[in-house]
Amino acid sequence: MTVKEELTSSEIANLWTAYIDNSAMSIKLKYVLHIMEDTEILPIVQKTNQLSENNLIQFNQIFDKEKYSAPIGFTDSDVHLAAPRLYSDSFFLVFLQNKMDMNLNAYSMGLSHSTRSDIRNFFQQSLAASIEIFKEATDLMLEKGIYVRPPYIPTPKTVDMTERQNFLTGWLGKRRPLTAIEIDQLFFNISRNALGHALLLGYSQVAKLKEVREHMRRGADIAKKHIHLFSSILLEEDIPAPMLWASKIEDTSVSPFSDKLLMFEVTGTTQAGVGYYGRSLASAQRRDLGAQYLKVLTDSILYGEDGGNITIKNAWLEEPPQAINFRKKVKG
688 MTVKEELTSS EIANLWTAYI DNSAMSIKLK YVLHIMEDTE ILPIVQKTNQ LSENNLIQFN
748 QIFDKEKYSA PIGFTDSDVH LAAPRLYSDS FFLVFLQNKM DMNLNAYSMG LSHSTRSDIR
808 NFFQQSLAAS IEIFKEATDL MLEKGIYVRP PYIPTPKTVD MTERQNFLTG WLGKRRPLTA
868 IEIDQLFFNI SRNALGHALL LGYSQVAKLK EVREHMRRGA DIAKKHIHLF SSILLEEDIP
928 APMLWASKIE DTSVSPFSDK LLMFEVTGTT QAGVGYYGRS LASAQRRDLG AQYLKVLTDS
988 ILYGEDGGNI TIKNAWLEEP PQAINFRKKV KG
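Using the working numbering, the letters of the sequence shown correspond one by one to residues 688 to 1019.
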């Protein structure tokens, strides 16, 4: 007798999260495909859209098999195809490359946290497809000259072991130069914030509700503050920092997306940013860097909490699957 293997809490969590994320991406790409003019970028957008559509089909097959209610996610009511262009085609290329980078983290976790072979196979396939799109987007960015490479440092010729405690200092005394690991984290935190700054500025122009517009504007200001902070650390050591994307935003006040979709995307990227900052904090071995990461983490967590309150207030937040509340049952 074969015993049916139920979905674990980890599998439900990662499937549920990925379903809503793919639902949002599918709706967003309908607009991108509608306004896309660059024939080199278009195939990458089409491939990303196909990945989202295929994933949604597989999600529904899994949910139907398990007799599990699929999330609502996002529908055609969340997109306005007649809206004018908000960002340039090259901006969407950078956005998709960054989105695939986030997928690599999400699908890797989905794969490593899954027990059932069919769920592991699903996340493995999604991960492989995201890697392929990430590579294609990166190659095209390099060809178009819009990919900003990380700084160069001298190639190590010898292996040295740290013998002094001042390797960890940063506030007082002579500070050591930044390590390659610290430069890597600073550089890509600047790059992600530069993209987020432009995204939030654009959304602050077109969001319908005043509280959403103000939230987007505040997020853009936070991103800009973080960019200047990280850039100043690099520039202090004569290391170049990436530039902002503000010039890529078009002059329009008509939103291509619902406020619900705007808030979902910004809340999701804020949560991802908290994760990136946590990783940067763990890799920072100079005390002054660790203190700066704690500050920006606090900014991001508080901003994310305020975003969550806006989504709850407007009934835009679907409750994730939860454990049984046994205390409530006993009281009832």
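All C-beta atoms in this analysis are idealised placements derived from N, C-alpha and C, irrespective of residue type, glycine included.
Predicted, not measured: the structure shown is a model, and the values here were computed from it.
query = With DSSP run on the structure shown, which of helix, strand or coil describes M848?
reply = With a pLDDT of 48 at M848, under the threshold of 50, the modelled position of that residue is not reliable, and no figure is offered here.
key: Candidates T842, T704, A824, of which the one nearest I759 by Cα   = T704
task = Please specify which runs of the alpha helix (DSSP H), each continuous and at least 4 residues long, are wholly inside the region 909-980, giving them in chain order.
result = 946-970
inquiry  = Below 8 Å, how does it come out for the region 960-970 and the region 873-880: are there three or more Cβ pairs, yes or no?
reply    = yes
key: Check whether F951 and A711 have beta carbons under 7 Å apart   = yes
ask   = Which of the three DSSP states, helix, strand or coil, is assigned to Y755?
value = coil
query = For Y774, which three-state DSSP category applies?
reply = strand
message = Give me, in chain order, the residues of the same chain whose beta-carbon lies closer than 7 Å to that of G797; leave out the 5 immediate sequence neighbours on both sides.
response = N701, A705, F810
inquiry  = Measuring only the C-alpha atoms, how far is A971 from Q748?
reply    = 44 Å
key: Separation of A910 from S918, as counted between CA atoms   = 12 Å
inquiry  = Check whether the region 823-840 and the region 775-791 are in contact - that is, three or more C-beta pairs closer than 8 Å.
reply    = yes
inquiry  = Distance check for K831 and L768, CA to CA, integer angstroms please.
reply    = 27 Å
Alpha carbon of M848 to alpha carbon of L976, nearest angstrom = Per-residue confidence for M848 stands at a pLDDT of 48, beneath the threshold of 50, marking its modelled position as unreliable; the derived number appears in the next sentence. Cα to Cα, the separation comes out at about 21 Å.
ask   = For V766, which of helix, strand or coil comes out of DSSP?
value = strand
inquiry  = Would S713 and S696 be called neighbours here (beta carbons separated by less than 7 Å)?
reply    = no
ask   = Taking DSSP as the reference, what is the three-state secondary structure of H800?
value = coil
CA nearest to the CA of L989, picked from Q958, N736, A757 = Q958
ask   = Along the chain, where does the alpha helix (DSSP H) that runs through N709 open and close?
value = 696-722
query = How about the region 768-781 and the region 881-898: do they share at least three Cβ pairs that are nearer than 8 Å?
reply = yes
key: Delimiting residues of the alpha helix (DSSP H) encompassing N880   = 867-893
ask   = From L984, V953, Y834, pick the residue whose C-alpha is nearest to that of P962; which is it?
value = One detail in the question is off: residue 962 reads as Gly in this sequence, not Pro. Answer by Cα proximity: L984.
inquiry  = Output needed for A766: all residues of its chain with C-beta closer than 8 Å, excluding positions within five of it in sequence on either side, in chain order.
reply    = Sequence inspection shows Val at residue 766; the Ala mentioned does not correspond to that position. Answer for V766: I714, K715, K717, Y718, P943, F944, S945, L948, listed in chain order.
request  = With a 10 Å radius around its C-beta and 16 neighbouring C-beta atoms as the bar for buried, classify I868 as buried or exposed.
outcome  = exposed
task = Please say whether S813 and Y794 have beta carbons closer to each other than 7 Å?
result = yes
inquiry  = Does Y794 come out as helix, strand or coil in the three-state DSSP assignment?
reply    = helix
Exposure of Y980, with buried meaning 16 or more beta-carbon neighbours within 10 Å = buried
ask   = Just the Cα atoms here: how many angstroms apart are A1002 and D751?
value = 26 Å
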